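First comes the structure, then the notes that go with it.
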């Protein structure tokens, strides 16, 4: 269980980075900035990889979080790098990541 919390903290760190990367941008600005897009994709990959490292028991206990979708997103980003859909990445950052952050903050001890 301790390792699970380490992975959750990595996920939350990546979520914070993504928030900083996209803050104040609209979709067009996001898509035009290769550095921001690449950095965001990298952090989404980290989120997916850390999610994959969580114990099966932990993921089973927290089925309210779409672990399979998170892991599959990582796999698509890694294996289809040159075909990354900027709109899907943007929508994930704006719609899914805030929900994930809220859910994980409830699970991670504050200290």
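Residue numbers (UniProt numbering): 1 to 111. Virtual Cβ for every residue (Gly too), placed ideally from N, Cα, C. All of these numbers come straight from a predicted model, not from anything done at the bench.
- request: Pick out whichever of 67, 88, 79, 77 has its Cα sitting closest to the Cα of residue 100.
  value: Taking the first residue of the chain shown as 1, we reach residue 100 at position 100. Taking each of 67, 88, 79, 77 in turn and checking the Cα distance to residue 100, the smallest one comes out for 67.
- prompt: Cα separation between residue 86 and residue 109?
  reply: If you number the chain shown from 1, residue 86 lands on position 86. If you number the chain shown from 1, residue 109 lands on position 109. The C-alpha of residue 109 is placed about 34 Å away from the C-alpha of residue 86.
query: Sorted by chain position, which residues of the same chain lie with C-beta nearer than 6 Å to residue 51's C-beta, five sequence neighbours on each side aside?
result: Taking the chain shown and counting its residues from 1, the one referred to as residue 51 is at position 51. Cβ within range, chain order: 67, 70, 71.
- prompt: How far does the alpha helix (DSSP H) with residue 97 in it reach, from first residue to last?
  reply: Walking along the chain shown from the start, residue 97 turns up at place 97. If you look at residue 97, you'll find it in the alpha helix (DSSP H) that goes 97-107.
field: Rounded separation between residue 14 and residue 24 - CA only
entry: Walking along the chain shown from the start, residue 14 turns up at place 14. Walking along the chain shown from the start, residue 24 turns up at place 24. Taking C-alpha positions only, residue 14 is separated from residue 24 by approximately 18 Å.
message: Here's the rule: buried if 16 or more other CB atoms are within 10 angstroms of the residue's CB, otherwise exposed. What is residue 43?
response: Counting from one through the chain shown, the residue named residue 43 turns up at place 43. Counting Cβ neighbours within 10 Å, residue 43 comes out buried, since at least 16 surround it.
field: Local conformation of residue 32 per DSSP, three classes
entry: The residue given as residue 32 occupies position 32 in the chain shown. DSSP places residue 32 in helix when its eight states are reduced to three.
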